[in-house]
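These notes are about the structure you will find just below.
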Amino acid sequence: MRTALSPARAAAAPAGAAEPEARDFADHVRMCQSHEGFDGMHNPGVMHQGLAGWEAHHAS
Numbered sequence: 699m700r701t702a703l704s705p706a707r708a709a710a711a712p713a714g715a716a717e718p719e720a721r722d723f724a725d726h727v728r729m730c731q732s733h734e735g736f737d738g739m740h741n742p743g744v745m746h747q748g749l750a751g752w753e754a755h756h757a758s
C-alpha cells in the first residue's frame, strides 16, 4: 500500500530536489581526501556533521 506525503513533508523538499544519499556523501568524502587531504579542521565528517548535515550541492 502506498501512502501520500503529508503536506509538511511535501513542502520540505522543493520539486525536483533529491535528498542526498549515503553513497553521494561517501563519494564526496573520498574526493575531498584525494584532492585536499584531511586534517583536524578540514574533514567532511566534522564540517558537515556527517550525512545529516551535508547539502548535496557540495558534490559538484
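Residue numbers (this note's numbering): 699 to 758. Think of the CB as a built atom: it goes at the ideal place given N, C-alpha and C, for glycine as much as any other residue. The structure presented is a predicted model; accordingly, all values stated were derived computationally and were not measured.
#### Entry: Same chain, Cβ closer than 7 Å to Ala-720, five either side skipped, listed in chain order
Once the five neighbours on either side are set aside, the close Cβ partners of Ala-720 are Leu-749.
### Query
Is the Cβ-Cβ distance between Glu-734 and His-740 less than 8 Å?
Cβ distance < 8 Å, so Glu-734 and His-740 count as in contact.
### Task
Taking all protein chains shown into account, decide if Phe-736 is buried (16 or more other Cβ within 10 angstroms of its Cβ) or exposed.
Its Cβ having fewer than 16 others within 10 Å, Phe-736 is exposed.
### Task
Could you check what DSSP says for Gly-735 in three-state terms: helix, strand or coil?
Of the three classes helix, strand and coil, the one that applies to Gly-735 here is coil, per DSSP.
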